[in-house]
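A.B. asks: Letter 245 of the sequence shown, counting from 1, is numbered 334 in the numbering used here, and no numbers are missing.
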Amino acid sequence: MSSTVTTPLPLNVVCSGGQPPLNPASTIPLFKWRLLIAYDGTNYAGWQYQASPPTVQCAIEKALTVATKLDRKDLNLVGAGRTDTGVHAWGQVAHFVTPYNYDALDGVHAALNGLLPPDIRVMEMSPALPHFHARFSAEGKIYRYSIYNSPVMDPFQRSYAYHSVYKLNAAVMADAAMYFTGKHDFSSFANAIRNDGVRNPIKTISRFEVTERGPLLTLEVEGSGFLYRQVRNMVALLIQIGREAIPPDIVPQILEARDRKELAKYALSMPPHGLSLVEVKYNKEHLKLPADCPPVSLGRRHTISKCKLPYY
């Protein structure tokens, strides 16, 4: 790694918009770093760390331990959300900490991408304020589900879009999607919770758009948060409505039931490969850059020297 690493700052030195957070186990200040990550989730059992099978968090932590020479427990890598097995991301966000500051981030950014498998990339690396938290600072998320609506599947879309051989009425689906907007109890659209404890089923959806471009349908939803498999379950119902098997006004009826069994009467959950995490939304105050810290790294650009090339 070509970046220069400085020694930890004294506790009375102001950095990162204030004193760096302290390691609870010692008096060493910790410096926080934010990652913007994109990945093809095909070969991974989701984001969340587990010993086996491979996960995206495992791969990133492995790269970080080599690049930083720190143990994974010291890095304390946290992601904005736990994408499921096979789900992709363009805009996953995570943070980690180090006991030292960096003078520049291009080197460590390049090192991470050099160590990661080609289906995972750190798109951006930046310093973060002490109070920033990838998960708890998030104010909303945008997900997109892609459907290839044609008798024959495009082989280049097979890993990123669900194939529907039935002709779907995109206009009717768009009308039905509007019933989801606003503040609702989404208990009917949540699968059993995965060891997360009891989660608040009340969520607010600010936007749910259905866009048709030739055979490709994209369903993009933005909300304050989502329950386990909520997006895939909402899409499953919209597909049945798009097939004109059930009317659009079935949506409020299922919402009011607040029972997952009610949805199961009409639709099954969709497969994960059509789903992508597009963006995690944060308050601008949480995204401010710390004072006296290195600039954001968008990746290192290589240039060709102006020396004369050999002539053949």
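C-beta: ideal position from N, C-alpha, C; glycine also.
Curious, which full-length alpha helix (DSSP H) runs of at least 4 residues does the region 106-188 contain?
C.D. replies: 145-157 and 161-164
A.B. asks: Exposed or buried, what is G135 when buried is set at 16 or more other beta-carbons lying within 10 Å of its beta-carbon?
C.D. replies: buried
A.B. asks: Under 8 Å, with one C-beta from each stretch per pair, do the region 193-204 and the region 321-339 reach the 3-pair mark?
C.D. replies: Per the Cβ contact rule, the region 193-204 is not in contact with the region 321-339 (fewer than 3 Cβ pairs under 8 Å).
A.B. asks: Using the Cα positions of K370 and K230, report the straight-line distance between them to the nearest angstrom.
C.D. replies: 6 Å
A.B. asks: How close, in whole Å, do the beta carbons of L166 and E150 come, if the pair is a contact with beta carbons under 8 Å?
C.D. replies: 5 Å
A.B. asks: May I ask you to list the residues that DSSP assigns as paired with R210?
C.D. replies: A127
A.B. asks: What did DSSP end up calling H252 once you bin it into helix, strand or coil?
C.D. replies: Of the three classes helix, strand and coil, the one that applies to H252 here is strand, per DSSP.
A.B. asks: Just checking my contact of L364 with P216 at CB under 8 Å: how many whole Å lie between their CB atoms?
C.D. replies: About 31 Å; that fails the 8 Å criterion.
A.B. asks: What span of residues does the beta strand (DSSP E) with I236 cover, start to end?
C.D. replies: A227 to N238
A.B. asks: Which value, in whole angstroms, describes the spacing of the CA atoms of Q139 and C147?
C.D. replies: 7 Å
A.B. asks: Straight-line CA distance for H222 to E333?
C.D. replies: 43 Å
A.B. asks: What are the partner residues of L305, as DSSP defines its beta bridges?
C.D. replies: Y237 and R302
A.B. asks: Of the choices V176, Q181 and I236, whose alpha-carbon is the least far from that of A250?
C.D. replies: I236
A.B. asks: Pairing CB atoms from the region 296-305 with CB atoms from the region 205-213, are three or more of them under 8 Å?
C.D. replies: Touching, no, given that fewer than three Cβ pairs across the two stretches are closer than 8 Å.
A.B. asks: Taking the Cβ atom as the reference point for each residue, do G168 and G130 lie within a distance shorter than 8 Å?
C.D. replies: no
A.B. asks: Could you tell me which residues DSSP pairs with D274 in its beta bridges?
C.D. replies: I291
A.B. asks: Would A178 be called buried (16 or more neighbouring beta carbons within 10 Å of its own) or exposed?
C.D. replies: buried
A.B. asks: Measuring only the C-alpha atoms, how far is L257 from L352?
C.D. replies: 20 Å
A.B. asks: Given a cut-off of 8 Å on the beta-carbon distance, is the pair V324 and L305 in contact?
C.D. replies: no
A.B. asks: By the 10 Å Cβ neighbour count, where 16 or more other Cβ atoms means buried, how is D173 classified, buried or exposed?
C.D. replies: Burial state of D173 is buried, judged by a 10 Å Cβ sphere holding 16 or more other Cβ atoms.
A.B. asks: List the whole-angstrom C-beta distance separating A279 from R318, where the pair is believed to meet the contact cut-off of C-beta under 8 Å.
C.D. replies: 7 Å
A.B. asks: CA-CA distance, H252 and I328?
C.D. replies: 11 Å
A.B. asks: Might you give, ordered along the chain, the residues of its own chain that have their beta carbon closer than 6 Å to the beta carbon of Y401, omitting 5 neighbours on each side?
C.D. replies: Only weak support exists for where Y401 lies, its pLDDT of 45 falling under 50; the value from the coordinates is given anyway. No residues qualify anywhere along the chain.
A.B. asks: Compute the Euclidean distance between the alpha carbons of R349 and D381, then round it to the nearest angstrom.
C.D. replies: 51 Å
A.B. asks: List the whole-angstrom C-beta distance separating I343 from S277, where the pair is believed to meet the contact cut-off of C-beta under 8 Å.
C.D. replies: Confirmed, about 5 Å.
A.B. asks: Which residues bound the beta strand (DSSP E) around K370?
C.D. replies: L364 to Y371
A.B. asks: Measure the CB-CB distance between A152 and L119 and report whether it falls below 8 Å.
C.D. replies: Result no, Cβ atoms of A152 and L119 do not sit closer than 8 Å.
A.B. asks: Would you please state the rounded distance, in angstroms, between the beta carbons of E301 and A259? I believe it to be under 8 Å.
C.D. replies: 4 Å
A.B. asks: Straight-line CA distance for R347 to H362?
C.D. replies: 27 Å
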